[in-house]
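Notes to accompany the following structure.
There are 2 protein chains.
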Amino acid sequence: MMDPLVSNPCSPVLDLLRQLHDSLKGVSDGEVATYIPELSKADPDAFGICLVTATGTVYEVGDSQVPFTIQSISKPFVYGLALEDNGRGPVLEKVGVEPTGDAFNSISLEPGSGRPRNPMINAGAIAAAGMIEGRGLASRFKRVQDMLSDYAGRALPMDESVYRSESETGHRNRAIGYMLRNYNILSGDPIQAVELYFQQCSVSVTCRDLGVMAATLANRGMNPVTGRQAIRGQYVENVLSVMGSCGMYDYAGEWIYNVGIPAKSGVAGGVIAVLPGQVGIGVYSPRLDARGNSVRGIRVCDELSRHWDLHMFNSETSGRSTIRRKFTGAEVNSNRVRTSPEMAVLRERGDGIRVYQLQGNLAFATTEVLVQEVMQNFEAIHQLVIDLKRVQTLNESACRLFWLTVVKLAESGKRTVFTHVDRFPLLRRYFKVKLGDRADELFRAFEDNDLALEACEDQLLSRALPARTTDHRVGPLEFDLCRDLTASEVDLLSVCLVHKRFAAGDTIITAGDPAAELYFLVRGTVSVLMVTAGGRLSRLATFSPGMTFGEMAVIDRAPRSATIVADSEVECQLLSLEALDGLRQSAPEVCIKLLTNLSRTLSQKLRKANRELSVLD
Amino acid sequence: MMDPLVSNPCSPVLDLLRQLHDSLKGVSDGEVATYIPELSKADPDAFGICLVTATGTVYEVGDSQVPFTIQSISKPFVYGLALEDNGRGPVLEKVGVEPTGDAFNSISLEPGSGRPRNPMINAGAIAAAGMIEGRGLASRFKRVQDMLSDYAGRALPMDESVYRSESETGHRNRAIGYMLRNYNILSGDPIQAVELYFQQCSVSVTCRDLGVMAATLANRGMNPVTGRQAIRGQYVENVLSVMGSCGMYDYAGEWIYNVGIPAKSGVAGGVIAVLPGQVGIGVYSPRLDARGNSVRGIRVCDELSRHWDLHMFNSETSGRSTIRRKFTGAEVNSNRVRTSPEMAVLRERGDGIRVYQLQGNLAFATTEVLVQEVMQNFEAIHQLVIDLKRVQTLNESACRLFWLTVVKLAESGKRTVFTHVDRFPLLRRYFKVKLGDRADELFRAFEDNDLALEACEDQLLSRALPARTTDHRVGPLEFDLCRDLTASEVDLLSVCLVHKRFAAGDTIITAGDPAAELYFLVRGTVSVLMVTAGGRLSRLATFSPGMTFGEMAVIDRAPRSATIVADSEVECQLLSLEALDGLRQSAPEVCIKLLTNLSRTLSQKLRKANRELSVLD
């Protein structure tokens, strides 16, 4: 379970909610429902508002912890469970989805079929209750109660006295039940469905519960406070659709037009409102208008829409922010340190390597933004890296577009590489289904961008430069650090060097150890590793023959700051600090040249780092 | 005008659209409208689909360039113009917004008031036409035609023969006009409104036009291809609301439920569908079902919803990606190079400086994510930097939350600084309105993060370290580059140095010039400037007394890579390359110490750059 994100009592959002509460608490229009005695006992002035974001922060003001019965607000949730139990088709056969323009307790069955017009009127809700799976009333109600509790994030009790009261007076609903039985919308004993309906309406909630329940719908069915899935995501759009078109009884068109937030009210004074992907709202205020909706509840929704710009059609284009960052292999390089000729190739032709870091929710319209970008640069792109690290969700439409794009690039001999795909098993599965055996060839995945970039660079370099064998070995004059040294100066240096061999996997330098020498890498490659905050070993750099490492020792004589490991069989020439100090006396000019070359190497690295900083920022 | 983004003919998105087109072109149900002879001439097999993203890419397949008349698809657009001309209240008085469940040509006036139920039925559309401003029919139609042309991004002609045909046979609509006149819904001559309605229906469009028009609604009223605003953003939600609840005639609830994309059809065979913030769709296929909707048009929308996951309630939580990046003043520093004691303060206490780079569309739910983050770290935050560079839109709700947060921080003595605010004049105005004279004090804005960070650092340093006067002057031993030099070695160096003074604003080094000396900064500050790709001067670094600059000259003897300017009155000691070469012979130990210190400085800078890279990546 995630930590519940309760709002800070000083939060400006809470201030706004308090202002809203203050501005509406004087509204005393409407009457408390009296059709059953239990409801009439409610405090008519009780008033709570709870706003919960789809990211799980809870803001509540006023009487947000006062219990009351959920009543008709249970209808969309039970309808959702009926969809999960039966699927869309069978549910649609028994309950329609058209607004009626009639009051909540109208019977509104379609002539002929007897199908209730929609699941928000009592007839439709009873028909939905009749479709809940379970052996007997108790087990069915248990499932409904558990489902509602998942939405609320706590075990919701039933108010027995309200249930008894509902059941004792609910003759009209029993009539509806028998009418539905007559049309075979309900099968078996219709009274069981009617009783389940009374029980679901008698579940006790608080305004805070309603807020969390609404936020769960706003968050594609996952309770954002507990992290628990209360309904499969695919049915959320159907639940919201019926709330949007039929939720506020004979008020549907005007509600969408003026408020534009799918909502549902209950006669005990509760209201929920859901702005998909954004917030859920719960209100409690028992005074009802003539249509049976909470007067202040409606006012709250109205104010939020009008003054907080919350309206479901008030959407900005999100596509443009799909591409978090893009860069080429000429602008940013892998942590494999390259030789000067290699760097020259990467600077000149690294432009064919394009890295796109994506973010947000990848669906059709957002993924299209990448596809369009790739197609516009089709000629220039030779290798494409798609980084999914910051992607939050990725749906099947996105998978389809990725697959088509990868195949299209492959047909022109261009490679695509994905990074950070482990969080999205759907993507790998999609490629497998579409490509079968070719999936492994076309669906290339690397753990991170650094490794992906290195692979792309290697591919480019292998075509541009003569291949180096693994036992390629460099002589003293080829070292960057030995630039400008005369042959006799090289000889002076060489006599100070000690030859050393390492096997693949050997630790050459251990972080924390005292620094005693500088390494000239003659053969093989070595990697600089560091333990990240997350405890993972991360590669800072990889060096190849002709490069030196451990040179910081020369400068500050401080302990080693990182561990260096042999990637392959490795040969080095070691220059100890004592030998260096000896050179300083006996051959200062060699020392000056080495230090000048070291400064040049450092300043080249610094320029590269600064260039990458400006690209990445 | 922006460049129109036409899709690449090889785009995978176009492939998908082609597949969809292929799979539906065999559908031959339905009949071409025949109620006027002109319509019956349409090719029943014509079939085009055009999808336009809210970012402005156009994808079209099939008969997307065949002209036909817009017919009832004009209704939501003209309704939008009526809203702009009259405002919401007056329009709502004359036309309702409730779905009727009746056919498109039903009269459906509310009993008593005579108000048409909604603007998508003919009666409501004629009432909306009656509310279009202008002197006489011609001028009114001109405004309607211009408005539709703005949506389409090209001048749309009227089909005269269709208009004549509509007018000759439109007796039922004239009856409606007189009925509306009877109820004072229309004033003056009702025939003028009816004729305007015939004319608007006779505007000639292509399927591509419809796609762009739909995308304009998806993009909050701004044509994404031309960049032109076709309707004020605030009315788009109303237009989409009536399309959503009443667009597909007696099919509203089921449409929202199954397809979930606000849409409108016309009897000539056109359909538009709008997924807010994502895509607009235009379809042309003249075969109509019994309800008067294009058979293939409905199938296209249905397929897009089912297989492309496009449903308006299928929204993922976008809030989490509001914060693109966050870092502290201990992790990333401004380009002002700090002295060692200053760096120590920043490392220790820079954590109180928090920079948040935001992105995307800032509205209530997205801005709340920042507010929540700030409130959770309230104690730790001493100075807050809010970077709006990557923000695309920012609405009034976002302004309100920013204002409240800034005031809350200020009450606890904490400062907020905004960067890149110039694109959002609304924000400054909002602070001005709310704070009056205090706005300048509380609404601090800097051009970029670097300057904002520097100001925050200065603030922190001014409280932590003794103030330096502007004529603070350092001696030779205080230079980083002179570390470990003995007094006699300093003397050897000093005789080689030449003293030089610069006035504030003087250019000390010009990029491209040959390098001839190294500068020891004795008094004042200097900045390294570089011309960015955009032609702007950008600051790479600012140095203060005790630092050296121009040292790369010592190493590679290459031309200067950047320009350095005196920020204040400046005094330097110059070490020429000749003098350095002299030292190399006469005092190699001094040279070795200088080079060792230079390497240390460079490697410290490299470590800082690498640390910032890992934070920023």
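Protein chains in written order, with this note's numbering: chain H, 36 to 652; chain R, 36 to 652. Note that CB positions come from ideal geometry on N, CA and C, so glycine has one too.
Using the C-alpha atoms, what's the distance from residue 90 of chain H back to residue 37 of chain H?
-> Locating residue 37 of chain H in the first sequence gives position 2, counting from the first residue. Locating residue 90 of chain H in the first sequence gives position 55, counting from the first residue. Unreliable positioning characterises residue 37 of chain H in this predicted model, as indicated by a pLDDT of 41, which lies under 50. The coordinate reading is nonetheless provided below. Computed Cα separation, rounded: 11 Å.
Neighbourhood of residue 252 of chain H by C-beta distance below 7 Å, restricted to the same chain and skipping five residues each side = Position 217 of the first sequence, counting from 1, holds the residue named residue 252 of chain H. Only 271, 274, 275, 309 and 315 meet the Cβ criterion.
Report the rounded CA-to-CA distance for residue 620 of chain R versus residue 624 of chain H, giving the unit in angstroms.
-> Position 585 of the second sequence, counting from 1, holds the residue named residue 620 of chain R. Position 589 of the first sequence, counting from 1, holds the residue named residue 624 of chain H. Roughly 9 Å separates the two Cα atoms.
Alpha carbon to alpha carbon, what distance is there between residue 372 of chain H and residue 600 of chain H?
-> For this step, residue 600 of chain H is matched to residue 565 along the first sequence. For this step, residue 372 of chain H is matched to residue 337 along the first sequence. Taking the straight line joining both Cα atoms gives about 15 Å.
State the CB to CB distance for the pair residue 288 of chain H and residue 280 of chain R, rounded to an integer number of angstroms; the pair is presumed to be in contact (CB under 8 Å).
-> As a working mapping, residue 288 of chain H is identified with position 253 in the first sequence. As a working mapping, residue 280 of chain R is identified with position 245 in the second sequence. Confirmed, about 5 Å.
When you check each C-beta in the segment 620–632 of chain R against every C-beta of chain H, which residues fall closer than 8 Å?
-> 623, 624, 626, 627, 630 and 631
First through last residue of the beta strand (DSSP E) which encompasses residue 536 of chain H = As a first step, residue 536 of chain H must be located in the first sequence, where it is residue number 501. Residues 533–537.
Determine the chain R residues that contact residue 445 of chain H at a beta-carbon separation under 8 Å, and present them in chain order.
-> Taking the first sequence and counting its residues from 1, one reaches residue 445 of chain H at position 410. Per Cβ cutoff of 8 Å: no residues; residue 445 of chain H is ~12 Å from chain R at best.
contact_flag[the segment 579–594 of chain H, the segment 548–559 of chain H] where n(CB pairs < 8 Å) is 3 or more = yes
Hey, residue 62 of chain H and residue 331 of chain H: beta-carbon distance below 8 Å or not?
-> On the first sequence, residue 62 of chain H is found 27 positions in, with the first residue counted as 1. On the first sequence, residue 331 of chain H is found 296 positions in, with the first residue counted as 1. Yes, Cβ-Cβ distance for residue 62 of chain H and residue 331 of chain H is below 8 Å.
Close Cβ partners of residue 336 of chain R (< 8 Å) along its chain, the five nearest in sequence each way excluded | For the purposes of this step, residue 336 of chain R is taken as residue 301 along the second sequence, with counting starting at 1. Closer than 8 Å at Cβ, skipping near neighbours: 294, 296, 298, 306, 308, 316 and 318.
Pairwise C-alpha distance: residue 209 of chain R and residue 165 of chain R = Looking up residue 165 of chain R in the second sequence gives position 130. Looking up residue 209 of chain R in the second sequence gives position 174. Roughly 13 Å between the two C-alpha positions.
Count the C-beta pairs between the segment 72–88 of chain R and the segment 219–228 of chain R that are closer than 8 Å, then say yes if the count reaches three, no if not.
-> no
Is residue 292 of chain R close to chain H, meaning its C-beta is less than 8 Å from at least one C-beta of that chain?
-> Walking along the second sequence from the start, residue 292 of chain R turns up at place 257. Chain H contact via Cβ: present.
Cα separation between residue 631 of chain R and residue 638 of chain H?
-> Indexing the second sequence from 1 puts residue 631 of chain R at position 596. Indexing the first sequence from 1 puts residue 638 of chain H at position 603. Cα to Cα, the separation comes out at about 13 Å.
Residues within the segment 54–88 of chain H neighbouring chain R, beta-carbon criterion of under 8 Å = 88
Please confirm whether residue 485 of chain H and residue 349 of chain H have their CB atoms less than 8 Å apart.
-> Along the first sequence, one-based indexing puts residue 485 of chain H at 450. Along the first sequence, one-based indexing puts residue 349 of chain H at 314. Against a cut-off of 8 Å, the Cβ pair of residue 349 of chain H and residue 485 of chain H comes out as no contact.
Alpha carbon to alpha carbon, how far is residue 458 of chain H from residue 35 of chain H? Give it in angstroms, no decimals.
-> As displayed, chain H neither begins before 36 nor continues past 652, which places residue 35 of chain H out of reach and without an answer.
Report all residues from its chain with a CB closer than 6 Å to the CB of residue 150 of chain R; omit the five preceding and five following residues, and keep chain order.
-> As a position in the second sequence, residue 150 of chain R is number 115, starting the count at 1. Counting only Cβ-Cβ distances below 6 Å, and skipping sequence neighbours, we find 131.
Residue 92 of chain H versus chain R: which residues are under 8 Å apart at the beta carbon?
-> Residue numbering aside, residue 92 of chain H sits at position 57 when the first sequence is read from its first letter. Result: 403 and 407.
So who's on the other strand from residue 422 of chain H, going by DSSP bridges?
-> Counting from 1 along the first sequence, the entry for residue 422 of chain H is found at position 387. Note: residue 422 of chain H sits in a beta bridge opposite H/392 and H/454.
Three-state secondary structure (DSSP) at residue 38 of chain R?
-> Within the second sequence, numbered from 1, the residue matching residue 38 of chain R stands at position 3. Since pLDDT at residue 38 of chain R reaches only 48, below the 50 mark, its modelled position is unreliable, and the value read off the structure follows with that caveat. The answer is coil: DSSP assigns residue 38 of chain R none of H, G, I, E or B.
On the DSSP bridge assignment, give the partners of residue 608 of chain H in chain order.
-> Position 573 of the first sequence, counted from the first residue, corresponds to residue 608 of chain H. According to DSSP, which records beta bridges pairwise, residue 608 of chain H is partnered with H/534 and H/555.
Output the distance between the C-alpha atoms of residue 197 of chain R and residue 176 of chain R, rounded to the nearest integer angstrom.
-> Translated into positions along the second sequence, residue 197 of chain R becomes position 162. Translated into positions along the second sequence, residue 176 of chain R becomes position 141. Cα to Cα, residue 197 of chain R sits roughly 15 Å from residue 176 of chain R.
Taking DSSP as the reference, what is the three-state secondary structure of residue 413 of chain R?
-> If you number the second sequence from 1, residue 413 of chain R lands on position 378. Here residue 413 of chain R sits in coil by DSSP.
Could you please tell me which residues of the segment 306–333 of chain R, in chain order, have their CB closer than 8 Å to any CB of chain H?
-> 310, 311, 312, 313 and 314
For residue 75 of chain H, the nearest candidate out of H/471, H/231, H/321 and H/168 (CA to CA) = What you label residue 75 of chain H is simply residue 40 of the first sequence in a count that begins at 1. For the residues H/471, H/231, H/321 and H/168, the minimum Cα distance to residue 75 of chain H belongs to H/321.
For the alpha helix (DSSP H) that residue 49 of chain H lies in, which residues bound it at each end?
-> The sequence position of residue 49 of chain H within the first sequence is 14, counting from 1. Element bounds for residue 49 of chain H: 47–59.
Which whole-angstrom value describes the C-beta separation of residue 559 of chain H and residue 606 of chain H, a residue pair presumed to lie in contact below a C-beta threshold of 8 Å?
-> Taking the first residue of the first sequence as position 1, residue 559 of chain H is located at position 524. Taking the first residue of the first sequence as position 1, residue 606 of chain H is located at position 571. Rounded, the Cβ-Cβ distance is 7 Å, consistent with contact.
Going along chain R in order, which residues have a C-beta closer than 7 Å to the C-beta of residue 411 of chain H?
-> In the first sequence, residue 411 of chain H corresponds to position 376, counting from 1. Per Cβ cutoff of 7 Å: 43.
So, does the CB of residue 379 of chain R fall closer than 8 Å to a CB anywhere in chain H?
-> As a working mapping, residue 379 of chain R is identified with position 344 in the second sequence. No, because no Cβ of chain H sits closer than 8 Å to the Cβ of residue 379 of chain R.
Quick one: grab the DSSP three-state call for residue 522 of chain H.
-> Your numbering for residue 522 of chain H matches position 487 in the first sequence. DSSP places residue 522 of chain H in helix when its eight states are reduced to three.
Measuring only between beta-carbons, confirm whether residue 427 of chain H sits less than 8 Å from chain R.
-> Taking the first sequence and counting its residues from 1, the one referred to as residue 427 of chain H is at position 392. Yes, its Cβ sits closer than 8 Å to a Cβ of chain R.
Would you mind stating whether residue 384 of chain H and residue 499 of chain H have Cβ atoms separated by less than 8 Å?
-> To locate residue 384 of chain H, count along the first sequence from 1; it is residue 349. To locate residue 499 of chain H, count along the first sequence from 1; it is residue 464. Cβ distance < 8 Å, so residue 384 of chain H and residue 499 of chain H count as in contact.
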